[in-house]
Structure formats: C-alpha cells, structure tokens
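Take any residue in the sequence shown, count from 1 to its spot, add 179: that is its number in our numbering.
Here's the structure, in structure tokens; my notes come after.
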Amino acid sequence: MKDIAALFKVRLGFFVVMSAILGWFMAVDSLDLKSFLLLLVGGYLLTGASNGLNQIIEKRVDGLMDRTAGRPLPTGRMQTWQAWVYSLTAAAIGLASLFALNPLSGWLGVAALVSYAFIYTPLKSKTTLSVFVGAFPGALAPMIGYVAATGDFGIEPGTLFAVQFMWQFPHFWAIAWLAHDDYQKVGYNMLPFREGRTKESAWQILMYTAFCIPASLLPWALPTGSPMVGNFALVVAVTCGVLFLIPAWKLHRTLDSKYARQLMFMSFAYLPIVQISYVLDKI
C-alpha cells in the first residue's frame, strides 16, 4: 500500500481534491452527500491515475534524479505492469465517478488526465513552455468541482480556473529553481529561461507571482454584476497576494535559493487560504 500511495502521490492528491471540493462548494447551497462522495472518489482516483501514468512514462529519468530515485518504479519495488494496472483501474473508476455526476465534468476529467500524462509529461524534456502546458490540467480541479455541481460551464468556473492557473507558475518555478541541478541531469528545462537560475528567470517568477493578485480578485469582480464573493474574500486575497509576493521579490533581488524555498512553502498556503476565503464569504 505504501508504494501505491507513492505512485499516486496521495498527499498531492489531497490538495488537488480539496481544490475541487472548494469549487463544488462555490456552486451549491446545500450538501448532497452522494454527489460530494462521487466528486471526492473521482477526483482522488483521477489525480492518482495521472500521477501514476506520469511515473510510468518517466521511469528512466526518475532513476537519474536524486529527488525521484526512491520512487517505486526506479527502485524496482513495483513492476511497470503493476503500475499500469493500478493507474488504469484508478482512471476508469475516477472517470466513471465524474461521468456519474454529469457528462461535462467527466470530459473535463478526461482532458485533465490526457493533457497531464500524455502532453505535459513528454514536453518537459523539449521546451520551457511545458510549465505553461502543465498549468492547464493543474488548474482544472476547481472548475471540475463547480461543473460537477451545476452541469454547466460558464464564467464562474472559468474564474476559479484562472485563479489556480496563475498560481501554477510561481509554485512550479519555485520548485524548479530548487531542483534545477537535478532537472539538468535529464535535460529538463523547467525554469522560464534555459540559462537556469538567472535574473531573467527570477524576474518572470516575480511578475507571475504579482499576476496572482488580480487573478484572485476575479470572483469578486465578475462582469456579470453578480460577484461570487464579497469584501472579506477581497481583503484575504489581496493580503495573501502581497505576502506571496515578498519571497518572489527577494528571490529576484538576491537569486538566493532560500527565497525560492520560502516561495514554494508560501504557495502551499496561499491557494487553499484564498479558496477557503471564497467559500466562507459565500456562506
């Protein structure tokens, strides 16, 4: 079970599913336990399947990097065929759960799985734009949650997508800054510029961190005249955005990796706090 948990990255799955559930709560006024459980199961298994397929595809390169060499496939603790069985089974059950909610959420789940495992993963060795491509499946969770509740796609789930989409960049670039040497071993260029830990890369990280502030205000500033959230969420989003910006600014000023680490940890806190504030304000 421990190796299956490592294959599926269950801790990462928790954050993804939490994002989907918060998106779901943004769309509902009361708890439908059956729908909630279908989203929970579907989201968790689909995330696990995506991570499993990613590790199958990257088995060779994972064995070359310090940060991933201990995973079940490179170490031989799990056979590749076993990983296929676990991943495809999880994908089938996860997608079936989302389709049981409504077809649109199911197809969004298919898009997330395919784009993450079979488009983003191969692109990592080919272009610095892979992070941009990977941001799409990474941002679909709150949209899937909202659409799972409503069966409709509109500007509201689009704004939740935009918030998480913009957050992806400082989050992944902070990790890429810290893991740059490891990534270079296998030819991955995950920072904004191929030259690596440069002033230019740090500047782009700073800019995209700053972009998170206006993106986080979209649910408050919907052009429909009926905002999703009120002033409480506005204050929380702006405050968190400014705090998020501080380590990014220090990283740009100094190029010191300790600020990339601070930015990474801030990113783990920033998104759930902002999303929870949306739900609390709606209540």
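We treat Cβ as the ideally placed atom computed from N, Cα and C, and that holds for glycine.
Three-state class that DSSP yields for residue i in the structure shown
| i | result |
| --- | --- |
| residue 373 | coil |
| residue 325 | helix |
| residue 453 | helix |
| residue 189 | helix |
| residue 237 | coil |
| residue 250 | coil |
| residue 393 | helix |
| residue 182 | helix |
| residue 256 | coil |
| residue 462 | coil |
| residue 398 | coil |
| residue 281 | coil |
| residue 195 | helix |
| residue 244 | coil |
| residue 273 | helix |
| residue 231 | helix |
| residue 420 | helix |
| residue 434 | coil |
Residue from the options whose Cα sits closest to the Cα of residue i
| i | options | result |
| --- | --- | --- |
| residue 183 | 240, 260, 202, 199 | 260 |
| residue 397 | 337, 386, 328 | 337 |
| residue 238 | 277, 313, 300 | 300 |
| residue 324 | 188, 456, 181, 195 | 195 |
| residue 225 | 317, 460, 358 | 317 |
| residue 393 | 436, 346, 444, 432 | 346 |
| residue 209 | 419, 329, 313, 230 | 329 |
| residue 461 | 280, 186, 202, 283 | 202 |
| residue 292 | 254, 248, 249, 230 | 230 |
| residue 436 | 355, 282, 186, 287 | 355 |
| residue 253 | 262, 241, 264 | 241 |
| residue 213 | 193, 248, 280 | 280 |
Beta-carbon proximity check, residue i vs residue j, cutoff 8 Å
| i | j | result |
| --- | --- | --- |
| residue 426 | residue 450 | no |
| residue 348 | residue 310 | yes |
| residue 235 | residue 266 | yes |
| residue 362 | residue 407 | no |
| residue 219 | residue 200 | yes |
| residue 296 | residue 222 | no |
| residue 342 | residue 395 | yes |
| residue 350 | residue 382 | no |
| residue 191 | residue 251 | no |
| residue 422 | residue 445 | yes |
| residue 429 | residue 244 | no |
Beta-carbon separation (whole angstroms), residue i vs residue j, contact threshold 8 Å
| i | j | result |
| --- | --- | --- |
| residue 368 | residue 307 | 5 Å |
| residue 327 | residue 269 | That belief does not hold up - the Cβ atoms of residue 327 and residue 269 are roughly 18 Å apart, past 8 Å. |
| residue 390 | residue 380 | Between residue 380 and residue 390 the Cβ distance is about 16 Å, and since that is not below 8 Å, they are no contact. |
| residue 388 | residue 434 | Incorrect: roughly 15 Å between the Cβ atoms, too far for contact. |
| residue 315 | residue 294 | 6 Å |
| residue 376 | residue 385 | No, residue 376 and residue 385 are not in contact; Cβ-Cβ is about 14 Å, not under 8 Å. |
| residue 246 | residue 358 | 6 Å |
| residue 302 | residue 289 | With 8 Å as the limit, residue 302 and residue 289 do not qualify as a contact, their Cβ atoms being about 19 Å apart. |
| residue 332 | residue 283 | 6 Å |
What ranges does the alpha helix (DSSP H) occupy inside the segment 284 to 370, keeping only unbroken runs of at least 4 residues that lie completely in it? Correct list: 309 to 317, 319 to 329, 334 to 357, 359 to 364.
Write down every uninterrupted run of the beta strand (DSSP E) in the segment 199 to 227 whose length is 3 residues or greater and which is fully enclosed by it, in chain order. none
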